[in-house]
Amino acid sequence: MPKIPYKPKKKNEEEILSFESFCSSGSGHDSLTLNDNINYQMYFEKRGSGESSSGQTSKNDGSHSELHETSLSAAGSKQTKSKTTDDAESQGKFYPQNGKYAFLNRMKHSIPKRADSVDNSSDKGSKYERFSDSRNVNAGFCEKLPGLGSGILVLIVVCVLCVVVWWGVWGVVGGAWGEEHYRRLWERAHPQHNQNHHAHYSPSVIVHQQLERLEPIVPFEPKYHDHNNLSTKNKNASEIIKQKHRLDVTEIDSKKNTSPMESSSDRPFISTATQCTAVTDDFRFDCYPEAGASEDGCIKRGCCWIPHYHDEPKSNSFKVNLPNVRTSIGLPYCFYPVKYGNYHFTNITETRHGMLAYLEMQFPSSYPGDINTVAIHVKYLSDDTLQIKIYDAEKRRYEPIFPEIPTMAGSINNLKYRVILEASKLGFKIVRISDNTVILDSQDMGGFVFSDKFLQISFALPSGNIYGLGEHQGKFLLQSDWQRYTLFNHDTAPVENENLYGSHPFYMVVEKSGNSHGVLLVNSNAMDVILQPAPAITFRPIGGIFNFMIMLGPDPNEVISQYTSLIGRPFMPPYWSLGFHLCKYDYGSLNKTREVWKRTRDAGIPFDVQWNDLDYMNNSNIFTYDTILYKNLPQFVKEIHDSGMHYIPLIDPGVSASEIPGTYPPFDKGMEMDVFVKNSSNQPFIGKVWNKASTVWPDFTHPNTTAYWVDMLSSLHKNFSFDGLWIDMNEPSNFLSGPLNGECIEEELPYVPGVGGAYGLRSGTICMNAVQYIDTHFNLHNLFSLTEAIATNFALTEIRGKRPFIISRSSFPGLGKYAGHWSGDIFSEWHDMRMSIPQMLSFSLFGIPMMGSDICGFNGNTTAELCRRWMELGAFYPFSRNHNSDKSIEQDPVILGPMVVDASKKALTIRYTLLPYLYTLFWRAHTNGDTVARPVFFEFPRDNVTYSLDQQFMWGPYLMVVPILDAGTSSVKTYLPKDMWYKYATLTLLTWSGEGTLNEGETILIRGGGILPLQAPSDKKTEPINTSVLRSRPLQLIVALDAAKSANGSLFWDDGESLNTFEEKKYSLVNFAANGDTLKSEVVWWGFGVPTVDKIQILGLVNKITTVYLNKKPIHFTYSKITHLLTVNKLNLPLDNVFTLKWE
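The numbering used here puts the first residue of the sequence shown at 31, with every later residue one more than the last.
Written out as structure tokens, the structure reads:
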């Protein structure tokens, strides 16, 4: 049984022996009864609160949290007052240091000493006493009796009475007099007297070392402290089955007695008819999720079998006699009965920063490699975030090295949650204190499995409004009718019901009250996540541990802010990256690339970044360029820069392995630095991607790889000065689904998640047994893209000395700190255009706001109408790029004709005008974790109609985008939450809310209550529009008053590309506020020059305006009675000083 680790006794430190230490032979102490043990535990807690065994107050400097044991400990353990540690497990991590990775092992095991190894020669005066500082009442009474014999006689009588009372009370409470329980308890305390004794090894428990002493907090249900819960048995039939006997249903129903069975850890659980009928359809948790489910197999697992058509139950099965009713196809036939109870609590320890509990397996699962002793570590990270880590208490298992979760995320003085553990129920429960909502409940929920390569845990959820669990294509509001979401990075064109490029085991729930919470499972192994109508969720990873991060919100924006505070805030993009991007796979030559670039600029389309796909490379080899077809690429990049624009090339991770030695430095240098992923023979793993013959892959977990990556990219940058990087094919993709020669060593998996492809986990990628520096690819596959993004971000920073800009196809939690994402090889279809919105919104939840899809589609041929509507939508993707395949027609706006050109110019001009507002949103995402493009319900969480809206979205809190997404129409049906909405095109008030129709030109709306900073392009048609030109233009303000005649906004401004401008105070921040008849500015910080304000427009002024004052001086203005719009022009108003605008 697990226990608090032994720590050497400090000088003058009192020592307290455990229960088993006193029960063990040769200890020098008499044996304890169970009541003695419970009293001992109470006495231990009493001592922990400051009272010593001698009746004096023990000294405590208050610098460390005390551990209060609340249950039985393992045989032979010693319990001492000890400091808690920062983590309850020992794990190794690596961090970038000077461009290299280094390992940091912060934890060390503590091995408890056996009781019989204690030095009996040492002073034992401070050991356990019989809970009395002086003689007890019986002793005092006996002293007064005349003679020793009378005293002995009275003592015997009193002892006999006590034994009778004890036997009667505990016989009733324990059920069946508890003889079997106490026999096993005695055997565990005296293993040397057990003839059938097998060696028992207690785990080396690692407890946290860095928890500081703070004021006590008790965020638990009081009943978890009930010591009797840990020693008494429930008296219902199912509990008797689990804890004492193996019975048949008919025997239970007739209450027949049976003889005890073998040890509980060696036998399966047997369900009863009552336990099966108690499970409603929506709460059926699948007991046989792998292929080959059958009635016999189900019953062997102790589970319930009810197929589509319910036949009469067999006499030896646990099928239930129900009518022939056809149920949903997704309903599992084989499901767990109530109170399956394959593990039970053995020890719970509470600290100031959380709690540490242990589970012991009662009977095996049907999966190989069951973990016998499991630890549950609850850690309070802040008032609104917590961590629940479930892991093997005896042996370290793999954990992801990224994202790096902080040990503390804030204060824990006013917890918004409480955690409930009850000894009689397997699992835990998390309750929101403010409204008593249970946000997560695993207590006796389904079947908890913790084996070597199959883990499973289920939770009941408070609502079916569930979002996240990417990357997949589908509706934003997830379906919970027995849906499976597989998470395993996979190169495949986005379609429904497929695992796509990234894995994000994060979900958010909007509760019935409108409050929200989020949950992240930090696990990089392949997994299935099941949603069912209860509503409930089941996680099934095939490796690692359970490491949950729970964010309490309660506002949905706060959930994401809390989430990104743990996994990393989004990177601050350079200003130019917010412009329009253009690319095509296989322009064919530099001349064609330049032709498209020039015609787009000449058409007056706002345009900032030209890209090249892999066709610019020599033989598709990374870190090269084609010196024939792209001969003058360096000169072209210079021309782009001279025009105030930027250039980005593609870089795949695959390195050619078939070049002549000495002719291709990326391979030669990689071999020299030993940075490539290895096969099982410790040779570079060889597959194939775009290279002509063969491919190897850098191992970005290797300490040398960052230096290698910097070196290779530096060499390329010397040839042509790229401004950002596009990292593609980084799932990693492998066309061979295995090695070029030989075969993969297949993983022996009891369960395979529903990954796409014909070859299981290796489909479209490298072998799972491939070896990386810190572990096998089986564990690290989903981290490949994140580790590549970290190295690429570092390299770009080193090379350019400016903000890096990276777009990655594959992703994992934490990627947003280093890179953005695009949705991959979508199709040029109306459906894919519609699905791009929920995809974008999902990545906002994942902490990756720089996201977009290939405008007009990648695969297949677009049409002018589709591309027109897609350009109108794509102009409002945070990452706005038109890109398509080598097999598709050209689709840049100009080539598709005037209709697409006109629509593109209008939509992109609005985008560029709003860039100061958009840039400020990205600054808030970078500093506070706010979303940029966000779901409507983020702003209206109490309006449940908004929960399913995913064909419209918000930019921040004040701009609504409602695109036209269907062919052959010039209007769109929509839903507008109750508020004041203004048309961006006319700045007039929309006269309705709720369901309605918006026409062409009305699809961009401003929400009342916002102040938007703008920067409009010049009216000169000959002047190109890009961010370099636009940033020198004067600013404008749109003030959209709400019903209370108030509005707020802000502007963040810096040079747009330098590193750490916010941290180094090289920026300016100005707030604006309107109230009643006054608009004021406030300079929060001034550290960089800001353009002057030339124009202010105030919307929603119903009463006629007769006079306007700027800083108490009257100025010229215009006012429209029809549109209720006040306009003040030609202000040339500097923002480094506050201003006041007043109207009457």
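We put the beta carbon where it would ideally sit given N, CA and C, even for glycine. Treat the numbers as computed from the prediction; the structure is a model and nothing was measured.
Inter-residue CB distance, residue i and residue j (contact presumed, cutoff 8 Å)
i: Gly1031; j: Ala1015; result: 5 Å
i: Trp852; j: Arg911; result: 7 Å
i: Gly504; j: Pro868; result: 7 Å
i: Ile878; j: Pro600; result: 7 Å
i: Thr950; j: Asn587; result: Rounded, the Cβ-Cβ distance is 15 Å, inconsistent with contact.
i: Met557; j: Leu517; result: 5 Å
Option nearest residue i by Cα separation, candidates the options
i: Ser464; options: Asn444, Cys886, Gly717, Val479; result: Asn444
i: Met742; options: Pro714, Val685, Gly794, Val707; result: Val685
i: Asp1009; options: Asp400, Trp1022, Ile336, Arg833; result: Trp1022
i: Gly887; options: Ile919, Ser874, Phe876; result: Ile919
i: Phe569; options: Met602, Lys330, Asp316, Pro679; result: Asp316
i: Thr1057; options: Ile1068, Thr654, Glu1087, Ala1077; result: Glu1087
i: Glu828; options: Ile329, Cys613, Thr736, Pro1007; result: Thr736
i: Val6; options: Glu588, Val705, Ser619, Ala723; result: Not covered by the structure: residue 6. The range shown for the chain is 31 to 1174.
i: Pro1054; options: Gly609, Asn495, Trp953; result: Gly609
i: Ile678; options: Arg599, Asn577, Ile837, Leu791; result: Ile837
i: Asn1101; options: Asn1078, Asp672, Phe876, Lys542; result: Asn1078
i: Ala490; options: Ala566, Val1114, His807, Ser481; result: Ala566
i: Ala321; options: Asn1133, Leu791, Arg830, Tyr781; result: Tyr781
i: Ser595; options: Val559, Met581, Tyr1139, Asn771; result: Met581
i: Val1059; options: Lys622, Phe637, Tyr537; result: Phe637
i: Phe983; options: Leu1017, Tyr907, Val924, Leu945; result: Tyr907
i: His407; options: Gln417, Thr1153, Asn1167; result: Gln417
i: Met990; options: Thr999, Phe970, Gly790, Asp511; result: Phe970
i: Ile431; options: Ala1074, Thr731, Ala894; result: Thr731
i: Gly754; options: Val468, Pro604, Lys935, Phe1082; result: Pro604
i: Leu1184; options: Pro783, Ile716, His520; result: Only positions 31 to 1174 of the chain appear in the structure, and residue 1184 is not among them; the question remains open.
Residue i classed as buried or exposed, judged by whether at least 16 other C-beta atoms fall within 10 angstroms
i: Leu1156; result: buried
i: Val1123; result: buried
i: Val539; result: buried
i: Gln713; result: exposed
i: Thr943; result: buried
i: Thr654; result: buried
i: Asn372; result: buried
i: His1146; result: exposed
i: Ala229; result: In this prediction, Ala229 scores a pLDDT of 35, lower than 50, which makes its location untrustworthy; the coordinate-derived value is nonetheless stated afterwards. Under this definition Ala229 is an exposed residue.
i: Val1158; result: buried
i: Met863; result: buried
i: Glu526; result: exposed
i: Lys1160; result: exposed
i: Gly332; result: buried
i: Ala788; result: exposed
Bridge partner(s) assigned by DSSP for residue i
i: Val22; result: Nothing can be reported for residue 22, as the shown portion of the chain is limited to 31 through 1174.
i: His1154; result: Its beta-bridge partners do not exist; DSSP assigns none.
i: Asp471; result: Lys459, Ala490
i: Trp512; result: Trp512 is not bridged to any residue.
i: Met881; result: His851
i: His534; result: Gly500
i: Trp739; result: DSSP lists no partner for Trp739.
i: Phe1102; result: Gly1079, Ser1111
CB contact check: residue i to chain D, cutoff 8 Å
i: Leu550; result: The structure shown contains no chain D; it holds only a single protein chain.
beta-carbon residue i near the ligand COA non-hydrogen atom, thresh 7 Å
i: Arg462; result: Because no ligand of any kind appears in the structure shown, any question about the ligand COA cannot be addressed here.
* In the segment 558 to 636, which residue ranges form an unbroken alpha helix (DSSP H) of at least 4 residues, counting only runs that do not cross its ends? -> Complete alpha helix (DSSP H) runs here, min 4: 586 to 597, 620 to 632.
* Which residue spans inside the segment 1018 to 1093 form an unbroken beta strand (DSSP E) run of at least 3? -> Annotation note: the segment 1018 to 1093 contains the following uninterrupted beta strand (DSSP E) runs of length 3 or greater, listed N- to C-terminal: 1024 to 1029, 1034 to 1037, 1040 to 1044, 1065 to 1070, 1076 to 1083.
* **Ordered list of alpha helix (DSSP H) runs contained in the segment 893 to 969, each at least 4 residues** => With a minimum length of 4 residues, the continuous alpha helix (DSSP H) runs that stay inside the segment 893 to 969 are 894 to 904, 928 to 943, 945 to 958.
* **Minimum length 3: unbroken beta strand (DSSP E) runs contained in the segment 661 to 733** => Within the segment 661 to 733, the complete beta strand (DSSP E) runs of at least 3 residues are 676 to 681.
* **3 or more residues per run - each beta strand (DSSP E) lying fully within the segment 350 to 432** => Look at the segment 350 to 432 and you find these whole runs of beta strand (DSSP E), each 3 residues long or longer: 373 to 381, 384 to 391, 403 to 410, 415 to 422.
* At what residue ranges does the segment 793 to 836 contain a whole run of the alpha helix (DSSP H), taking only runs of 4 or more? -> For the segment 793 to 836, the continuous alpha helix (DSSP H) assignments of 4+ residues that do not extend past its boundaries occur at 807 to 810, 814 to 830, in sequence order.
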